[in-house]
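To keep things clear, I will list the structure first and then write my remarks on it.
Numbering (the numbering used here), first residue to last: 400 to 481.
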């Protein structure tokens, strides 16, 4: 949605600024969650078996989310260029 809005509103700077801010915030939030989760995993106790650790968002799932967002973003940008 962000990329399509950006492309359709290329002549409106305020909308494009809002879209860039939204994308930046999404990526920042994902990377912050990932960083915090990595730090918490190390701090909690690295000797505790994985099955007994917090069952919330795992580092792997956050990495997957980040890769998915970046993949979609790149695909949309490539489609817009063509």
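Don't be surprised by glycine CBs; every beta carbon is placed ideally from N, CA and C. If you're wondering where the values come from, they're calculated on a predicted model, not measured in any experiment.
Residue 458 places its beta carbon 9 Å or farther from that of residue 429. A Cβ-Cβ separation of about 4 Å places residue 402 in contact with residue 475 under the 8 Å criterion. In the same chain as residue 408, and ignoring 5 residues on each side of it, the C-beta atoms closer than 7 Å to its own belong to 414, 415, in chain order.
Where residue 404 is concerned, the enclosing alpha helix (DSSP H) starts and stops at 401-407. Residue 412 counts as exposed, since fewer than 16 other C-beta atoms from the protein chains shown sit within 10 angstroms of its C-beta. By the C-beta density criterion, residue 418 is buried, having at least 16 other C-beta atoms within 10 angstroms. In the structure shown, the three-state DSSP call for residue 411 is coil. The C-alpha of residue 478 lies about 33 Å from the C-alpha of residue 435.
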